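Worksheet for the structure shown next.
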Amino acid sequence: MRVRRAIALVGVFLIFLACFMIYVAMDMTVFPNRRTSIHEEYQENKWLHFEDRLKQLESDLNKHHEEVGEIKEAIKVLVPATNTTPKLVKKDGFKVEHLVSKIPSSEIIFDATCPFQVNTNPKTDIQMLELYKKLSFDNPDGGVWKQGWNIEINPSDWNKQHKLKVFVVPHSHNDPGWIKTVDEYYLSQTKHILNNMITKLTGDLRRKFIWAEISYFSMWWDDLELADRENVKKLIHNNQLEIVTGGWVMNDEANSHWISILHQITEGHQWLERNLNYTPKSHWSIDPFGMSATQPFLLKEMGLQNMLIQRVHYSVKKQLARDTNLEFRWKQVWDNLGTTEIFTQLMPFYSYDVPHTCGPDPKICCQFDFKRLPGHGLHCPWKIAPQQITDNNVAQKAELLLDQYRKKSMLYKSNVLLIPLGDDFRFSHLTEWDVQYENYQKLFDHMNSNPKMFVQIQFGTLTDYFNAVHAEKGYDHFPSLSGDFFTYADRGDHYWSGYFTSRPFYKRMDRVLLSYIRAAEIILTLAHLSEQPSSNGIASEQGGFGKIMSNARRELALFQHHDGITGTAKDYVVVDYGTRMLKAIQDCQKILQHSTNFLLTGSRSDITKNDVIHYNVDDVRHSHDKLSERHTITIGPELSIKKLVIFNPLPYARREIVSFLVSTPFLEVLNFKGKKIKCQISPVFEYGSMSNSKYKLFFIANIPAFALVSYTINAIMEHELPKETVHSTIKIFNQYAEVKSPTGFPKIQVSPSASEFVLQNARISAAFSSLGLLKAIKVATVTTPVHLDFVKYGARYGEERSGAYLFLPDRDASPIAIENTVVKVVEGPLVSFVSVQLPNVHHTTTLYNTPGADGLGLEIQNLVDIERTSNFEIAMRLSTNINSTNEYFTDLNGYQILRRIRFSKLPLQANYYPMPAMAYIEDKNVRLTVVTGTPLGCGSLREGQIEVMMDRKLNQDDHLGLGQGVTDNHPTEHIFRIILEKKTHKCETTADNHPSGFPSLSAHVASQSLLNPLIRMLKNDEDETDPTPAYLPVTHDFGVDFTVPSLRTGIEVNGKEYVGVIVQRQHLDVCFSDRVLLQQFPLSHGTVNLKSLLPPLPEGVALHKSLLSFLNIGSKILLNSDIEMCPMDIQAYVLDR
């Protein structure tokens, strides 16, 4: 009995202690005043208010759930009962349903059979980070193969029973924009290549050809007569023409977001399905500048079976070639079962042109590029020209060529050899088809008829080659490999890390367009599924929005080209890309406002009339090269009311700050029930002063998943201001001149000097220097120095200098000198921010006081302008005391995160990596994550540091074919979120030295929020429709570990139309998550129910699993099934109505 009592007492004590520690962890004590140091004030106040803060956070969460419940209850009353109005399901007294239990999960739950392993390092034969540790990265002269060695062969290795099998694969690499625009290339070259293909392949079954870019192929198809279309189909049926990859473009793999990659390949695959009933089998990626591990993962899920890649660091190529590991099974770093493996071949030599593909000696290989025959416009740099193949020289030429083939074959495990035959925009003239095919056929005939040469050679397609490899050797004969192939270098210290940042204005525009496409797809699909009589045809190609939705996706897809989003095209070609993306954004806005009107009123306007405007999206873009603008809501005595609608494109509820420009500081905000809600008014700084006719309104929008919710702004008299409307406190430091206060802000604190100060919200406090730059962040009771500054790089001198592709700095970065500058501080209950104008950067740091994703860290807005600089690269640097050693983590395409190591054996530019979505540094206790709204380059060049390149202006070409520098810079706005977190308990997300990292819960939701902002719409004052106050299609929120990258119409398989939906589950690092955070952002229990995502559907609607590009429709699945998904899994389904 005593033992039981003792155990009980110990148990009670441990429970009390655990509760006490949770309360302590919630301490959000403010930072010290300016008279004491952060550390001193922390010691004095560390026990203050932690109970109040915890209660406040929990109160906010309860209020949030109550508000969502109120919205749903009110919709039941205000909206007539129709099929478009989901029923509210109450359970256990809760008005908000989640696909999670009421007690939030504290871990990512998944089945033991999942191929997901982080507790130990998954077994793999070649792990790229480990390979990097071993490589010396020296570059001795290898002889004729400069970056290799002298390959020796033994002719007796081949005999009658063991012939060398060679597939020569003719191809033409067509960039959809680079030196010319996509349209110019098509008219001047591509169109002729494809026309010639029909002429020259027809009638000779031995001839073969492969094609990759469906953007061009679709343009050509539209120009073809019916007879020629039938000829193309015959060539495909005869296996003379193979479509490789089948993407709209050959996408970049550093800057492109994984959802954009998905779009661009899906756009191509859907076109092939509709027009040719064709599904690609093999991937061909010969020109993107480095290879991401996300690409093979997506390709495998799209049904592709093989990959060929080219641009990989020359030292990596050499090592894999020495070990005969150029053929491998590429798998994901978390995969311990091999389910993500895809067979891959890496080309061994410098380039994909003919001189560097037949064998190790380019001087010899060039002699077999018959486009370089005298009189054909090209020549061999090695000054030995090709010769026509005749009866007199065929034997000698065949021996010379076969020797190169045999030497190349020594680098591979199989006895099957791939020989690409082509280059950029090849085969544009009929004469080239003749000289290449005819001369090679003579060589083939001689080799195949000579039994002592022991070779079997022919023209082939890419899949012909892979089929032969698989027939000769089993899958398990080849090694497994995990990791990626960044950062690429083609020679010496020429690391291609510059293009991670080049033309950042358009990189940012890419992410904006992606967010609009997601939002427009989702809301159009919801309208299509609404079952209202007038919904019929709203998403159709004829008379609906299907065509402009498809066009918008295609413009995004086009920009994923490896000379598009990379920023490596001619100036006027970049203008063409930008103009296309601007039109796509405007079209998406049109879809959004029309679909919003339809869902809130049930009526469908004439969408063919461009002047029909029900709502104005609060994001005005007048030009492809200018920053967006905001509408100013003009309200006052004559027009005192403005209606707003806000759309949430994410599958879980959000409670985040939205802002609007208004003409008066005297107003109130009402929610959809007419209830006043808290709002904050701030002045707008412009042209060196504060505007007297423009103010910024902030309030917290509470928007359920995929929902539309209305708000109202009322203009009132100054004496009528309610307690819910708060005016910000304004402080201006280092200001000597008199400041004129705008209306509504009579008390502005102005000081000719400055000192350190603090801003805070309910979760964090941030200390700033007298220059307005971040110095430290305090989370709970822990203060971490986080010094923010800006640094610059120059271009080194000499003939080899930085350009669009290459980052070749002159030295380590130097700080940008900052003199006393005016510091503007705005504080309020919802939003506080500090703003300073620095050399080349207008820098703003904001703290949002919300329970949403925007309140989890600091938001930094950098308006960068380097138009007047020369050979100048600017980066933002964060310096901390985090013991990160030489390790840091960067993401790949926003899908996964890899561990990086800063190698002293490599130059500075080699330690820069792509940062499409986020990067972080950490030690055993603390993590600092930088989330970005723009794909950029980043590095951690010292312990505790992370820096992000923001723009680059280079005066010269870097001799990689572009023929110009990068001088068309525009003022560019970058948005970052800085998340500082401390581990809440003893926890290890991955095993030591695991090659992978994972975003924290906070970083993940912050990134999702940043990349998918709430869509703000202003109701047209002249629109007389009477909309319902909200539309809520989702009956259950998803856990935040689930995302819905695509919910779209316009899917066609076997002539039948479907709705497509893709669901992805992200593995999250929960070591930094506390009880309150898990209540704010609930995790799933590993399953998802798609029925809860959609509005009520009629009986008999079927769900089918498919490939990611919505091909290969599988068996029927019950719509209300709970679908179990492993972490990092992604699945696609089609809805059959």
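For what it's worth, UniProt numbering labels the leading residue of the sequence shown as 1, then goes sequentially.
Note that beta-carbon positions come from the ideal geometry of N, C-alpha and C, so glycine has one too.
A quick note: this is a predicted structure, and the numbers were derived from the prediction, not measured.
(request) Have a look at residue 890 and residue 713 and give me their C-alpha separation to the nearest angstrom. (result) 42 angstroms
(message) Looking at the secondary structure, which residues open and close the alpha helix (DSSP H) in which residue 1060 lies?
(response) Residue 1060 -> not in any alpha helix (DSSP H); beta strand (DSSP E) instead, spanning 1056 to 1065.
(request) Measure from the alpha carbon of residue 484 to the alpha carbon of each residue in 645, 767, 301 and 344, then state which is nearest. (result) 344
(message) Using DSSP's beta-bridge definition, name the partner residues of residue 526.
(response) DSSP lists no partner for residue 526.
(request) Within 10 angstroms of the Cβ of residue 636, are there 16 or more other Cβ atoms? Answer buried if so, exposed if not. (result) exposed
(message) I'd like to confirm the pairing. Which residues does DSSP put opposite residue 1019 in its beta bridges?
(response) 615
(request) Determine the closest residue to residue 995 out of 131, 1003 and 110, with distance taken between C-alpha atoms. (result) 131
(message) One question on the structure: do residue 504 and residue 842 come within less than 9 angstroms of each other, judged by their Cβ atoms?
(response) Not in contact: residue 504 and residue 842 (Cβ atoms no closer than 9 angstroms).
(request) Use the C-beta contact count for residue 1132: other C-beta atoms within 10 angstroms, 16 or more gives buried, fewer gives exposed. (result) buried
(message) Please return the same chain residues whose Cβ sits closer than 7 angstroms to the Cβ of residue 1142, not counting the five positions on each side in sequence.
(response) The structure shown does not extend to residue 1142, since the chain spans only 1 to 1137, so no value can be given for it.
(request) Since I believe residue 1109 is in contact with residue 270 (beta carbons under 8 angstroms), could you give me their beta-carbon distance rounded to a whole number of angstroms? (result) Right, their Cβ atoms sit about 7 angstroms apart.
(message) By the DSSP assignment, the alpha helix (DSSP H) with residue 362 in it spans what residues?
(response) 362 to 365
(request) Return helix, strand or coil for residue 211, following the three-state DSSP convention. (result) strand
(request) Please name the residue in 139, 392 and 377 whose C-alpha comes closest to that of residue 429. (result) 377
(request) Could you spell out the range, first to last residue, of the beta strand (DSSP E) harbouring residue 579? (result) Element bounds for residue 579: not the beta strand (DSSP E) but the alpha helix (DSSP H), 571 to 601.
(request) Give, in chain order, every unbroken run of the beta strand (DSSP E) that is at least 3 residues long and sits entirely within the region 690 to 724. (result) 708 to 715
(message) Whole angstroms are fine: how far does the CA of residue 280 sit from the CA of residue 908?
(response) 40 angstroms
(request) Kindly list the residues whose CB is nearer than 8 angstroms to the CB of residue 810, restricted to its own chain and excluding five residues on each side of it in sequence; keep chain order. (result) 793, 794, 795, 796 and 797
(request) Determine, using beta carbons only, whether residue 742 and residue 683 come nearer to each other than 9 angstroms. (result) yes
(message) With the cut-off set at 9 angstroms, would you say residue 448 and residue 457 are in Cβ contact?
(response) Cβ atoms of residue 448 and residue 457: closer than 9 angstroms.
(message) Judging by CA-CA distance, which residue of 709, 244, 904 and 329 is the nearest neighbour of residue 1014?
(response) 709
(request) Using a threshold of 9 angstroms, state whether the C-beta atoms of residue 661 and residue 624 are closer than that. (result) No, these two residues do not count as a Cβ contact at 9 angstroms.
(message) Measuring only the C-alpha atoms, how far is residue 997 from residue 1051?
(response) 35 angstroms
(message) What would DSSP say about residue 1199, mapped onto helix, strand or coil?
(response) Look at the range of the chain in this structure, 1 to 1137, and you will see that residue 1199 is not part of it.
(message) When you compare the CB positions of residue 196 and residue 427, do they come within less than 9 angstroms of one another, or not?
(response) Result yes, Cβ atoms of residue 196 and residue 427 sit closer than 9 angstroms.
(message) Between which residues of its own chain and residue 1148 is the CB-CB distance below 8 angstroms, once the five residues before and five after are set aside?
(response) A query on residue 1148 cannot be resolved here, the shown segment of the chain reaching from 1 to 1137 and no further.
(request) Take residue 691 and list the residues in its own chain whose beta-carbon comes closer than 6 angstroms to its own, dropping the five residues that flank it on each side. (result) For residue 691, same chain residues with a beta-carbon under 6 angstroms away, outside a window of 5 residues either side, are 684 in chain order.
(message) What would DSSP say about residue 1050, mapped onto helix, strand or coil?
(response) strand
(request) Grab me the residues of residue 883's own chain with a C-beta within less than 8 angstroms of its C-beta, minus the 5 sequence neighbours each way, in chain order. (result) 923, 924, 943 and 944
(request) Measure from the alpha carbon of residue 180 to the alpha carbon of each residue in 200, 963 and 329, then state which is nearest. (result) Scanning 200, 963 and 329 for the CA closest to the CA of residue 180 turns up 963.
(message) Bridge partners for residue 945 per DSSP, in chain order?
(response) 879
(request) Express the C-alpha separation of residue 617 and residue 695 in angstroms, rounding to a whole number. (result) 19 angstroms
(message) According to DSSP, simplified to helix, strand and coil, what is residue 835?
(response) Looking at residue 835 - three-state DSSP - the assignment turns out to be strand.
(message) Helix, strand or coil for residue 313? Go by DSSP, reduced to three states.
(response) coil
(request) Report buried or exposed for residue 1017, applying the criterion of at least 16 other Cβ atoms within 10 angstroms of its Cβ. (result) If you draw a 10 Å sphere on the C-beta of residue 1017, you find 16 or more other C-beta atoms in it, and that means buried.
(request) Mind checking which residues open and close the alpha helix (DSSP H) that includes residue 733? (result) Run containing residue 733: none in the alpha helix (DSSP H); it sits in the beta strand (DSSP E), 729 to 733.
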